[in-house]
Structures are given as structure tokens and as C-alpha cells.
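Engineer: So the sequence shown is numbered by the working numbering: it starts at 1191 and just counts up by one. A single structure is presented below for examination.
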Amino acid sequence: MTADTTRWAWALLVCGAWLWLLFKPLRLQWQAWRTAQRPATAAGQPGPLLIGFASQSGFGAQLAEELARTLAARGCPAQARALQRIRSQDIDAAERMLFIASTTGDGDAPDNAAAFVARVMQAPRRLPRLRYGLLALGDSSYAGFCRFGRELDAWLHAAGATPAFARIEADGGDAGALRAWTQAVAQFTGQGLDVAARPAEPPPPLRWTLAQRRVLNPGSPGAPIHHLVLQPPGPAPDWQAGDLARVWLPPAPGQAEAWRDYTLASLPQDSAAELLVREVLRPDGQRGLGSGWLGHGLAVGGTLQLQIRRNSGFHGPDPAVPLVLIGNGTGLAGLAVHLGERERARMAGQRVAPAWLLFGERTHRFDALCDAALQAWLADGLLQRLDRAFSRDADAPARYVQDLLGLHGGLLRDWVARGAAIYVCGQRDGMAEGVHAALRQALGEPALEQLAADGRYRRDVY
Ligand SMILES: Cc1cc2nc3c(=O)[nH]c(=O)nc-3n(C[C@H](O)[C@H](O)[C@H](O)COP(=O)(O)O)c2cc1C
1191 MTADTTRWAW ALLVCGAWLW LLFKPLRLQW QAWRTAQRPA TAAGQPGPLL IGFASQSGFG
1251 AQLAEELART LAARGCPAQA RALQRIRSQD IDAAERMLFI ASTTGDGDAP DNAAAFVARV
1311 MQAPRRLPRL RYGLLALGDS SYAGFCRFGR ELDAWLHAAG ATPAFARIEA DGGDAGALRA
1371 WTQAVAQFTG QGLDVAARPA EPPPPLRWTL AQRRVLNPGS PGAPIHHLVL QPPGPAPDWQ
1431 AGDLARVWLP PAPGQAEAWR DYTLASLPQD SAAELLVREV LRPDGQRGLG SGWLGHGLAV
1491 GGTLQLQIRR NSGFHGPDPA VPLVLIGNGT GLAGLAVHLG ERERARMAGQ RVAPAWLLFG
1551 ERTHRFDALC DAALQAWLAD GLLQRLDRAF SRDADAPARY VQDLLGLHGG LLRDWVARGA
1611 AIYVCGQRDG MAEGVHAALR QALGEPALEQ LAADGRYRRD VY
């Protein structure tokens, strides 16, 4: 009997081992299936919680980065990444994601989402495992209010992803909507986010005085460009090259409050906010509301409400990075201010890389804006190269700034190979679109997308 028991035990052991080996492939498949079915938990996440952002002027980027820091500090690893840097495989693998999507232009996606829109959103995708939350940033004074955030949400829905909570839309950075977003994210991640994850408020608007105003292009076949110098009521608040000034227009009876954003052409060290404002002439011959008032209605010595607004999407790179500046018209404000910032960096003993300015306007005679300052920068080497294109010179064929990129394609590739960043400022329709096409032609689409993803192709266009 004892011998039988031992024999039986051996037989069972051998059979068991044989069955175990026989069914190994099935077991592996079962384990893979179980892993795929596991609910999304912090431990089940393949990596940190991704917060994809699409941001033009930097508010959405700032919110995303702040949120990632807050979550990480509470033990929920999170990473903020521009949509441009999110690949198809990242989104396929994710079980939970957050999105912060701003809208710019006329209901358009921000530049740092362009490649995501073209590459990921155009292809059909199945994302049944993804649960997500989405914050859309916009301004209801635009016809396409939060249009890109809504499009992204609709695309995620269509791909089978599940919203963990209904899309939240923040109109003009509305504090209530941002609070609702923080609470929804807290629930979604299981983290008590008692401190609202939102960046610092911009400084309050102050009453600035119009100290000087002059027309920069008298005689031009184009509309006048006014150069305004505004002085703050006390010490100037801080800002950097690329930031904006929001100016409130005087209230008109029966009309909603109106403001306009202008790229600052000066730095706080100048102790004044300088703006370039092109007069807008409407088809009925009337002057535009904002430009008419700033160019004519407001008397020198008069005051206006002005708020400095951060526009981190157009802040400059390290001064040691070569800079290619491209633009037209009043866009010179946002280009020259970067040269001013580099001039200060050089005076402070920092190493400053060369800059190249490509600028387009109407006539050489009347529209070579700020020529004296540009020539001085050329002479002292801050500006290594200045190329201008004029479209209405009688003695030369019409040439636009984008044509210069075609003419100097080889040089442009050299600058980019040496690490240059490309900054574009000015008119969106016509100029910025033409420049984008010319850059694509000169550098190739993938290289241009990579530059944008690396923050080396930035635009402030309107
Ligand atoms: C030039 C410009 C165009 C804009 N166009 C729109 C728009 O079409 N629809 C919208 O809802 N908001 C629009 N906005 C408002 C922005 O979406 C809003 O200011 C947002 O907070 C900006 O976020 P960001 O800094 O992340 O780009 C526009 C803002 C600017 C400066």
C-alpha cells in the first residue's frame, strides 16, 4: 500500500507537470487578457498620467504644468506635454488622460497642436480603454468659442474613449470654471486637490498715460502705423519680450466692454509700454474702434486702462540660441523687442548668438520702419543680417517676406542646423500662412513640425 501511494503521487506529479507545460501558451494568453481588462488604477498605469495641452499664448500650458506639479507632489506622477509631442502610440497605450485645449485665430487649433491634428486626429482610431477629462479654454467674444476643445472632445468620443466628466469650458479664464475643473480632476485622480491648480493672476489693469504718439510711415500707400508710448502711474510692472498689453476701449453706450491685445514693443527697463498700432479702415470708410481711438481719439496726456499679460508662447529662447525673426507691419513690435532683450543680455555680459531679421512691408521709401534702430543693431553685430521685402515699390517687382525665405533657403537651413529658433510675428492671413508654406518648402514638413514641437518655431500672429 505504501509503495502504491508513492507510485500514485509520482504519477500525479508527472501528469501535472506535463499538463502545466502543455497549457503554458493558453495561460500566457489568459494573463495578457486579464492585464488588458484590469481597471485603470494608479498602479495599473503604464507611466505617468499624461496631461496633453494645446496652447498658443501660454495660459493652457501654464495650467497643465502647474497641474502636473501639484499632482506629482501629491504622489500621482503626472506629465504635461504639448499635444504636438504626443504620439499615436502614447494615446493608444493610455488608460487615463487629461487634456487642456485652447482655441486661437478664428476657431483654430494652437500651433503646438498642429501636428497632432494632422497626424493623430485625421486617422481613424479606437480608444475604448481611455478615460479622460477635458478643459477647453476660449473666449465667448469669438464666433468659434472653444472650437478646438470641442473638436478634440468630439474626436475622443468618436474613437470610443469615455469622458470621466463632461467637458469644462472656461470663458476668458473664468475662475468658477477653473475651480470646477480642479474638483473634477481631484475626483478623477483620487487626489485631494484642495489648492486650486491655477497660475498666478495677471497684474491688475492700471491707468497709463499716453506720453507720445507719432506715425511711423507718413506717405505710405498703406494705412498709418502709430507708435504709442505709454507711461505707468507708478513703477512699471514686470514683463518680458513676447508679452502683451491689453487695452480697454472707452465704453460706448449700449455696447459690451471691449478691449484689444497688442504685442509690447518695449521692455520694463524702458519705463514705458510702447505699442505699434495699424489703423484699420472699414469698408464704409470708418476707422476701426480700437485703432481709431488709439490713433486719434485719445489725446496725448490722456489715460487708458492697460494690463500687462503674459504670453509665454512667444517668450524668447536663451540668448545663446541663434534667432531668425520673420514678420511684417506692426509685427516688427514683437520682433524688435526680442532684439532689445538680447541687447540687454549682452550688456549684462551674457553670450548672445546672432540674429537674422526678415521683414516685409509696402515701400522702401515710406515703410522701412524703425530703420535707424535696425541699422544700429546691424552695425554693432546684434543683428547679423537684415533682409527686407517691399510689395509696392514702383521700380522693383512686388516681393513679400515669404519670397525672401525662398531666395535664402540654403542659408535658412544652415541657421536651423546651427540650432536657430524661428519667431514669426504679424498678420495671420497672408503673411503667416505664406511664411509657414515657405518654411515647409525650405525645411520640409517633418523638420518644421519637429521645430514647433521643440519650441523652436513660435508665432504671435493676429
Ligand atoms: C488672437 C487670438 C485669437 C483667439 N481666438 C479665439 C477663438 O476663435 N475662439 C475662442 O474661444 N477663443 C479665442 N481666443 C481666446 C483664447 O482661447 C483664450 O485667451 C485662451 O485663454 C488662450 O489660451 P492660451 O494662452 O493657452 O493660448 C483667442 C485669443 C487670441 C489672443
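Just so it is clear, CB atoms sit at the ideal spot from N, CA and C, and this is done for glycine as well. This structure is a prediction, so every number in the text was calculated from the model and none was measured.
Taking Cβ to Cβ, would you say A1305 is nearer than 8 Å to A1643?
Structural biologist: yes
Engineer: Name the one or two DSSP bridge partners that A1611 has.
Structural biologist: L1513
Engineer: Is V1470 near A1413, with beta carbons less than 8 Å apart?
Structural biologist: Less than 8 Å divides the Cβ of V1470 from the Cβ of A1413.
Engineer: Per the DSSP calculation, G1328 is bridged to which residue(s)?
Structural biologist: D1361
Engineer: Is D1301 closer than 8 Å to L1240 when the C-beta atoms are compared?
Structural biologist: no
Engineer: Check for me: the alpha helix (DSSP H) holding V1527 runs from which residue to which?
Structural biologist: 1522-1537
Engineer: What do you reckon, are the CB atoms on P1509 and R1532 nearer than 8 Å?
Structural biologist: yes
Engineer: Go ahead and label W1198 buried or exposed: buried means 16 or more other beta carbons lie within 10 angstroms of its beta carbon, across all protein chains shown.
Structural biologist: exposed
Engineer: Going by DSSP, name the residue or residues bridged to P1353.
Structural biologist: Y1322
Engineer: I'd like to check one pair, G1350 with R1321: are the Cβ atoms closer than 8 Å?
Structural biologist: With a cutoff of 8 Å on beta-carbon distance, R1321 and G1350 are scored as not near each other.
Engineer: Let me know the secondary structure DSSP gives I1281 once reduced to three states.
Structural biologist: helix
Engineer: Taking its Cβ as the centre, do 16 or more other Cβ atoms sit within 10 Å of A1561, making it buried, or is it exposed?
Structural biologist: It is Asp, not Ala, that sits at residue 1561 in the sequence shown. Classification for D1561: exposed.
Engineer: From the DSSP output, in three-state form, read off D1433 for me.
Structural biologist: For D1433, the three-state secondary structure derived from DSSP is coil.
Engineer: In or out: T1231 buried (at least 16 other Cβ within 10 Å) or exposed?
Structural biologist: Low confidence applies to T1231: its pLDDT is 40, below 50, so where it sits in the model is not reliable enough to give any reading.
Engineer: Using CA atoms only, rank isn't needed, just tell me which of R1277, N1501, W1605 is closest to Q1430.
Structural biologist: N1501
Engineer: Give a yes or no on whether the C-beta atoms belonging to L1529 and L1576 are separated by under 8 Å.
Structural biologist: no
Engineer: Note down the Cα distance separating L1496 from L1396, rounded to an integer number of angstroms.
Structural biologist: 6 Å
Engineer: Using a Cβ-Cβ cutoff of less than 7 Å, which residues in the same chain neighbour W1449 once the five nearest sequence positions on both sides are dropped?
Structural biologist: R1436, V1437, W1438, L1439
Engineer: Quick one: Cα of D1650 to Cα of D1619, how far?
Structural biologist: Cα to Cα, the separation comes out at about 12 Å.
Engineer: Check whether the Cβ of L1273 lies closer than 7 Å to any heavy atom of ligand 1, and answer yes or no.
Structural biologist: no
Engineer: When the Cα atoms are used, what is the spatial distance from G1323 to H1347?
Structural biologist: 11 Å
Engineer: For the candidate residues M1537, A1632, H1505, whose alpha-carbon lies nearest to that of R1648?
Structural biologist: H1505
Engineer: Just tell me which of Q1476, V1591, L1457, R1468 has its CA closest to the CA of R1403.
Structural biologist: Of the residues Q1476, V1591, L1457, R1468, the one whose Cα lies closest to the Cα of R1403 is R1468.
Engineer: With 16 as the cutoff for other CB atoms within 10 Å, does Q1445 come out buried or exposed?
Structural biologist: exposed
Engineer: Under the DSSP definition of a beta bridge, which residues are partnered with V1467?
Structural biologist: H1416
Engineer: Taking a contact to mean a Cβ-Cβ separation below 8 Å, would you say G1334 touches F1249 in this structure?
Structural biologist: no
Engineer: On the criterion of 16 or more Cβ atoms from any shown chain inside 10 Å, does R1228 qualify as buried, or is it exposed?
Structural biologist: For R1228, the predicted structure reports a pLDDT of 41, less than 50, and the residue's modelled location is therefore unreliable. The matter cannot be settled from this model.
Engineer: At a cut-off of 7 Å, would you count D1433 as near ligand 1, judging by its Cβ distance to the nearest heavy atom?
Structural biologist: no
Engineer: Which one of A1426, R1555, L1368 has the shortest CA to CA distance from P1394?
Structural biologist: A1426
Engineer: Among V1204, P1636, L1572, which has the Cα closest to the Cα of Q1540?
Structural biologist: With distances taken between Cα atoms, Q1540 lies closest to L1572.
Engineer: Please report the straight-line C-alpha distance between Q1221 and R1275, rounded to a whole angstrom.
Structural biologist: Reliability of the predicted coordinates at Q1221 is poor, the pLDDT of 46 falling under 50, and the value obtained from them is presented with this limitation in mind. Using only the alpha carbons, I get a separation of about 32 Å.
Engineer: Skipping 5 residues on each side, what residues in its chain have a beta carbon closer than 6 Å to that of D1583?
Structural biologist: T1553, H1554
Engineer: Straight-line CA distance for L1288 to A1326?
Structural biologist: Here the alpha carbon of L1288 sits roughly 11 Å from the alpha carbon of A1326.
Engineer: Would G1624 and Y1590 qualify as a contact pair, given that the criterion is a beta-carbon distance under 8 Å?
Structural biologist: yes
Engineer: For L1522, which option in L1368, L1466, V1511, H1486 has the closest C-alpha, if you only look at C-alpha atoms?
Structural biologist: L1466
Engineer: Counting only the same chain and skipping the five closest in sequence on each side, list residues whose C-beta sits under 6 Å from that of T1493.
Structural biologist: R1397, T1399
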